[in-house]
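Residue numbers (this note's numbering): 2 to 338. Idealized CB from N, CA, C, for every residue including glycine.
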Ligand SMILES: *Cc1c(COP(=O)(O)O)cnc(C)c1O
């Protein structure tokens, strides 16, 4: 079975990162560095920011969770685009806040005016996702600026950029470039995707020191384990090697998209390591047929299917499936033009 359902990085772990894991194994009788000093400093150095501007957690999902717990109480509202990352409504619920999902536009992008218009007195956080998981398009810098200029500066804007390393659209936002101008903005990054460390659980936010102080304070003590800390430091040290697979994935992404669009599929812009098929009522049947061909894909019942870019052989199978697949008669799936 080819696992194309979790947007994982199929590349082997770089030797330097494996070596860091082996080294960490010899000191597991000790607690990890509670303040994550070295990792935080390594991330700060990598991005050219101060360590106070970084908050590390057990994956960026945990950072989102901690952020919402730190800033929201019951009845507070958190706005996010929908469909987007499945973790958002769960994190909002855990924080005891209220989810305000704002539907995507018909071309599977964030509806920025609607997101801004959804702000009320109870709004504490707006989450943005660029590239949007599961649909693929990015936000432009102009769009993010306009939103930040529109919403009150007391509302935090969390820009989730889990796939930013895969982005090749020059107009796309890079949250880091806007942090100095907008203290209420923070960007979320992860080692799970481009760095291929999903199993270790490390992610972080970059933002204003005052905004992140409560997030750092609310983090689970010793939450990020010694393996995760050392591997992430190792990955940053050899970041060119660690990110070596990204260029290949981007090349594969363009090859797959060209091939499936050539046979008539309508696919939104895909700037991450995955793409989206709006299959509507055909979703369940498509997932089943993909499974029968050895392809594990992520279906969202009644909406569509997200397929990760994997090994070239797996991608070939996907292209073959999409070449052969026919919608059931009378279905409204946006599959062929
Ligand atoms: C995968 C992903 C993450 C990363 O989650 P981790 O907890 O860091 O593994 C965050 N946001 C989005 C949109 C994702 O798809």
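What residues in its chain sit with their C-beta under 7 Å from that of residue 227, if we drop five residues either side in the sequence? Taking the first residue of the chain shown as 1, we reach residue 227 at position 226. Correct list, in chain order: 25, 28, 29 and 33.
Quick one, which of 37, 9, 11 and 107 has its alpha-carbon nearest residue 279's? The residue labelled residue 279 in the question sits at position 278 within the chain shown. Per the Cα distances, 107.
Return helix, strand or coil for residue 259, following the three-state DSSP convention. Walking along the chain shown from the start, residue 259 turns up at place 258. DSSP places residue 259 in helix when its eight states are reduced to three.
For the region 254-264 against the region 116-123, are there 3 or more C-beta pairs whose distance is under 8 Å? no
Going along the chain, which unbroken runs of the beta strand (DSSP E) with 3 or more residues stay wholly within the region 126-195? 157-161 and 186-191
Identify whether residue 99 lies in helix, strand or coil by the three-state DSSP scheme. Residue mapping note: residue 99 aligns to position 98 of the chain shown, counting from 1. DSSP places residue 99 in strand when its eight states are reduced to three.
Given a threshold of 16 other Cβ atoms within 10 Å of its Cβ, counted over all protein chains shown, does residue 4 qualify as buried or as exposed? Along the chain shown, one-based indexing puts residue 4 at 3. By the 10 Å Cβ count, residue 4 comes out exposed.
Restricting to Cα atoms, I'd like to know which of 157, 142 and 124 is closest to residue 132. As a position in the chain shown, residue 132 is number 131, starting the count at 1. Comparing Cα positions, the closest option is 142.
Out of curiosity, what's the CA-to-CA distance linking residue 98 and residue 285? Walking along the chain shown from the start, residue 98 turns up at place 97. Walking along the chain shown from the start, residue 285 turns up at place 284. Their backbone Cα atoms lie some 32 Å apart in a straight line.
Segment limits, beta strand (DSSP E) that includes residue 86: Here the question's residue 86 lines up with position 85 in the chain shown. No beta strand (DSSP E) contains residue 86, which DSSP labels as neither H nor E.
Determine the closest residue to residue 321 out of 268, 7, 288 and 264, with distance taken between C-alpha atoms. As a working mapping, residue 321 is identified with position 320 in the chain shown. For the residues 268, 7, 288 and 264, the minimum Cα distance to residue 321 belongs to 264.
Return the chain-ordered list of same chain residues with a C-beta closer than 7 Å to the C-beta of residue 302, the five sequence neighbours on each side being excluded. Translated into the one-based positions of the chain shown, residue 302 becomes position 301. Only 284 and 285 meet the Cβ criterion.
For residue 57, report the span of its beta strand (DSSP E) as first-last. Along the chain shown, one-based indexing puts residue 57 at 56. Segment 55-58, the beta strand (DSSP E) holding residue 57.
Can you tell me where the alpha helix (DSSP H) with residue 232 in it begins and where it stops? If you number the chain shown from 1, residue 232 lands on position 231. Segment 227-238, the alpha helix (DSSP H) holding residue 232.
Nearest candidate by alpha-carbon position, reference residue 172, set 144, 215, 41 and 244: For this step, residue 172 is matched to residue 171 along the chain shown. Among 144, 215, 41 and 244, the Cα nearest to that of residue 172 belongs to 144.
Can you list, in chain order, the residues of its chain whose CB lies under 7 Å from that of residue 14, leaving out five sequence neighbours each side? What you label residue 14 is simply residue 13 of the chain shown in a count that begins at 1. Correct list, in chain order: 197.
DSSP state of residue 220, grouped into three classes? Start at 1 with the first residue of the chain shown, and residue 220 comes out as number 219. Coil, per DSSP.
Examine ligand 1 and report whether any of its heavy atoms sits within less than 8 Å of the Cβ of residue 62. Here residue 62 refers to the residue found at position 61 when the chain shown is read from its first residue. Because some heavy atom of ligand 1 lies under 8 Å away, the Cβ of residue 62 counts as near it: yes.
For ligand 1, I want to know if residue 169 counts as a neighbour, meaning its beta carbon is within less than 8 Å of at least one of the ligand's heavy atoms. On the chain shown, residue 169 is found 168 positions in, with the first residue counted as 1. No, ligand 1 has no heavy atom inside 8 Å of this Cβ.
Answer yes or no: the CB of residue 85 versus the heavy atoms of ligand 1, is any distance below 8 Å? Counted from its first residue, the chain shown places residue 85 at position 84. Residue 85 Cβ: within cutoff of ligand 1.
N- and C-terminal bounds of the alpha helix (DSSP H) containing residue 206: On the chain shown, position 205 is the one that residue 206 refers to. Element bounds for residue 206: not the alpha helix (DSSP H) but the beta strand (DSSP E), 204-207.
Contact under 9 Å by Cβ, residue 205 with residue 189: What you label residue 205 is simply residue 204 of the chain shown in a count that begins at 1. What you label residue 189 is simply residue 188 of the chain shown in a count that begins at 1. Yes, the pair counts as a contact, with Cβ atoms nearer than the cut-off.
So is the beta-carbon of residue 305 under 8 Å away from any non-hydrogen atom of ligand 2? Among the ligands present in this structure, namely ligand 1, ligand 2 is not found.
Backbone secondary structure at residue 310 - three-state DSSP: Taking the chain shown and counting its residues from 1, the one referred to as residue 310 is at position 309. Residue state, collapsed to three classes: coil.
Could I get the ranges of all uninterrupted alpha helix (DSSP H) runs contained in the region 255-305, with 4 residues as the minimum, in chain order? 284-293
Quick one: measure Cβ to Cβ for residue 158 and residue 185, integer angstroms, because I've assumed they're closer than 8 Å. Sequence index remark: in the chain shown, residue 158 carries index 157 (1-based). Sequence index remark: in the chain shown, residue 185 carries index 184 (1-based). Their Cβ separation, rounded to whole angstroms, is 6 Å, which keeps residue 158 and residue 185 in contact under 8 Å.
Let me check you understand the geometry: is the CB of residue 95 closer than 8 Å to at least one non-hydrogen atom of ligand 1? Mapped onto the chain shown, residue 95 falls at position 94. Incorrect: residue 95 has no Cβ contact closer than 8 Å to ligand 1.
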